[in-house]
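Last residue of the sequence shown: 679 (this note's numbering), numbering continuous. Here's the structure, in structure tokens; my notes come after.
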Amino acid sequence: MQRLDTLKFALAGAIYGSGCVALATICALLGVPGFKPFTDLLAQFYGF
Numbered sequence: 632m633q634r635l636d637t638l639k640f641a642l643a644g645a646i647y648g649s650g651c652v653a654l655a656t657i658c659a660l661l662g663v664p665g666f667k668p669f670t671d672l673l674a675q676f677y678g679f
């Protein structure tokens, strides 16, 4: 049975998560419908 490398898994999750947030931000800036409320929620959660 293979063991999961925790550091590599955490790094992959961080890269994936930041990529999703960056993509949502770019879509909101381009005016794609449905992304503005999501980015407003992110800004409210994380701050400006």
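All C-beta atoms, glycine included, are put in the ideal place defined by N, C-alpha and C. None of the values given here were measured: they were computed from a predicted structure.
Reduced DSSP category for residue i - H, G, I as helix; E, B as strand; rest coil
i	result
D671	helix
L661	helix
F676	helix
Residue i classed as buried or exposed, judged by whether at least 16 other C-beta atoms fall within 10 angstroms
i	result
A659	buried
Residues near residue i by beta carbon distance below 6 Å, same chain, minus five either side
i	result
F666	A655, C658 and A659
Same chain only: Cβ atoms within 8 Å of residue i, ignoring 5 sequence neighbours per side
i	result
G670	A small fix is needed here, since residue 670 is Thr in this sequence, not Gly. Answer for T670: A655, T656 and A659, listed in chain order.
Integer Cβ distance of residue i from residue j, believed to fall under 8 Å
i	j	result
L673	V652	7 Å
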